[in-house]
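Chains as they are written, first to last, in this note's numbering: chain A, 43 to 193; chain B, 667 to 950. Even glycine gets a Cβ: it sits at the ideal position worked out from N, Cα and C.
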Amino acid sequence: MPTMNLEIVTAERQVFASDDVITLIAEGTEGQMAILPRHAPLVTMLEPAELIIRRASGDEISMVITGGFIEVKSEKTVILADACERSDEIDLQRAEAAKRRAEERLKASGPEIDRARAEAALRRSIARLRVVEKRRKTPVRRPPSNPTSQN
Amino acid sequence: MVSPRILRRRIRSVQSTAKITRAMEMIATAKMKKSQDATIAVRPYSDKLTQVIADLAAQAAIGGATHPLLQVRKIRKIAILFISTDRGLCGGLNTNLNRMTGSFILDQKVPVTLITVGSKGRDFMRRSMREIRAEFIKMNDRPRMADTMAISHILMEDYINEVYDQVFIAYNKFINVMTQKPTIDQMLPVIPAKLSKTNPDYIFEPYGMAVLGELLPRFAEMQVYHAILEAIASEQSARMMAMRNATENANEVIAELTLTLNKARQEMITKELLDITGGVESLK
Numbered sequence: 043m044p045t046m047n048l049e050i051v052t053a054e055r056q057v058f059a060s061d062d063v064i065t066l067i068a069e070g071t072e073g074q075m076a077i078l079p080r081h082a083p084l085v086t087m088l089e090p091a092e093l094i095i096r097r098a099s100g101d102e103i104s105m106v107i108t109g110g111f112i113e114v115k116s117e118k119t120v121i122l123a124d125a126c127e128r129s130d131e132i133d134l135q136r137a138e139a140a141k142r143r144a145e146e147r148l149k150a151s152g153p154e155i156d157r158a159r160a161e162a163a164l165r166r167s168i169a170r171l172r173v174v175e176k177r178r179k180t181p182v183r184r185p186p187s188n189p190t191s192q193n
Numbered sequence: 667m668v669s670p671r672i673l674r675r676r677i678r679s680v681q682s683t684a685k686i687t688r689a690m691e692m693i694a695t696a697k698m699k700k701s702q703d704a705t706i707a708v709r710p711y712s713d714k715l716t717q718v719i720a721d722l723a724a725q726a727a728i729g730g731a732t733h734p735l736l737q738v739r740k741i742r743k744i745a746i747l748f749i750s751t752d753r754g755l756c757g758g759l760n761t762n763l764n765r766m767t768g769s770f771i772l773d774q775k776v777p778v779t780l781i782t783v784g785s786k787g788r789d790f791m792r793r794s795m796r797e798i799r800a801e802f803i804k805m806n807d808r809p810r811m812a813d814t815m816a817i818s819h820i821l822m823e824d825y826i827n828e829v830y831d832q833v834f835i836a837y838n839k840f841i842n843v844m845t846q847k848p849t850i851d852q853m854l855p856v857i858p859a860k861l862s863k864t865n866p867d868y869i870f871e872p873y874g875m876a877v878l879g880e881l882l883p884r885f886a887e888m889q890v891y892h893a894i895l896e897a898i899a900s901e902q903s904a905r906m907m908a909m910r911n912a913t914e915n916a917n918e919v920i921a922e923l924t925l926t927l928n929k930a931r932q933e934m935i936t937k938e939l940l941d942i943t944g945g946v947e948s949l950k
């Protein structure tokens, strides 16, 4: 089975690196897309949304990305994320607080309110909450035997 | 001759100084390690960003379009992001940077405005009556990218609004523990790296200029973040070296004082013995 090398980095740390990825599902500016091994070279921006990574071991990893961009090359795919974390690392309370704050700011909408920034913050928090919600209903698939080490 | 009592007091005081400098050295060592790791962690991100921007900018240049952050204008005013430290006791670190940036400012033919990070640099620029547009102090030891965005956003907004036409970053670059190099880099307009074209022809979604427009602000943010991390690593390593020297000096002083003390004590004993024998002699 062909696999691809995937690396996810933020300016602060490397979030994920592996070379046995068989599918990557992400939300680009033009809509959701699935990247398979040997995809044509592509560069696009990513929206705040869930990232799903399927590995050759049968593992499925769910992450949330708050924005960034992806570079797909034949031998390697790199995601440069503004912020990215595994869905089980999401700080639910913080995301909810951020959402409330952003909503209040949008409602207040005075001249001193930066609407674009508040909207971006709202979209980030909603993306996080949505991923948590979804993962609570359908937990990620785990391989039945021989648990592989994950980065 | 100094009395032994005073000598003992001085030894105690130097000893407690040595304890403090030793502790400061150890704290700086621990912090330096962390900030070095953070500086290394930016590298993959910054390399990739540099490369994709180089590709995109080359493509955009062919199309004749440019992004505001790439636009080279006639220079009427310059801004310098001046990254110093909040605290002293780090050897010649700030002095070197002040001197270099100072002469850089004097070489300019157009007015210069400053955005300062750290109170040491701000105070220096205030003393030399320089225009300060914004100042940031108390940056923590392990800043996150988000902590530095306020700084990069001011610079980008001002640049796009033509408040100034060129932006430099002045900071101490971390070379190794012994060496920190005062450095001035151009930040805006962004100069895309000239890379030999080894990359495939990408599909850009939605299209090249839109992607470039999203990437350039991130690149500028990353540059500021990176420079601040370098400056912090430099500060901690400079402080570590300064404190190590201070501890060594204190120990030398202690050794000297102890020697003087012993001599003085011995002299006193000899004198007392002479007095006693003299007294006994006179009684005979």
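- Interface residue (Cβ-Cβ distance to chain B less than 8 Å): residue 146(A) is not classified as such.
- Within chain B, 710, 711, 714 have C-beta atoms less than 8 Å from the C-beta of residue 51(A), given in sequence order.
- Under the 8 Å criterion on CB atoms, residue 868(B) is classed as interfacial with respect to chain A.
- One finds nothing in chain B with a Cβ atom closer than 8 Å to the Cβ of residue 161(A); even the nearest lies about 16 Å away.
- The alpha-carbon separation between residue 717(B) and residue 859(B) amounts to approximately 7 Å.
- Against residue 877(B), the close residues of chain A are 71, 85, 86, 87, 111, in the order they occur along the chain (beta-carbon pairs closer than 9 Å).
- From the beta-carbon of residue 718(B), the residues of chain A found nearer than 7 Å are 85, 113.
- Under the DSSP definition of a beta bridge, residue 70(A) partners with 73(A), 88(A).
- Chain-order list of chain A residues neighbouring residue 880(B): 87, 111, by C-beta distance under 8 Å.
- Three or more beta-carbon pairs drawn from the region 902-919 of chain B and the region 678-698 of chain B are found closer than 8 Å, and the two stretches are therefore classed as touching.
- Contact between residue 691(B) and residue 844(B) fails: their C-beta atoms lie close to 14 Å from each other, not under 8 Å.
- For residue 907(B), the enclosing alpha helix (DSSP H) begins and ends at 874-949.
- Rounded to whole angstroms, the separation of the alpha carbons of residue 56(A) and residue 66(A) is 17 Å.
- The contact set of residue 120(A) on chain B, defined by CB atoms closer than 7 Å, consists of 714 in chain order.
- A distance of 8 Å or more separates the beta carbons of residue 124(A) and residue 45(A).
- Residue range 157-179 is occupied by the alpha helix (DSSP H) that includes residue 163(A).
- Among the residues facing chain B, residue 97(A) is not included, as its CB has no counterpart in that chain under 8 Å away.
- The beta carbons of residue 64(A) and residue 83(A) sit about 19 Å from each other, so the pair does not count as a contact at 8 Å.
- The region 927-936 of chain B makes no contact with the region 768-776 of chain B: fewer than 3 CB pairs, one atom from each, lie closer than 8 Å.
- A Cβ-Cβ separation of about 6 Å places residue 126(A) in contact with residue 50(A) under the 8 Å criterion.
- Going by DSSP, residue 838(B) is part of the beta strand (DSSP E) stretching over 832-840.
- At a beta-carbon threshold of 8 Å, the residues of chain B lying near residue 55(A) are 707, ordered along the chain.
- Interface with chain A (8 Å Cβ-Cβ cutoff): residue 858(B) is excluded.
- Take the alpha-carbon of residue 903(B) and the one of residue 714(B): they are about 28 Å apart.
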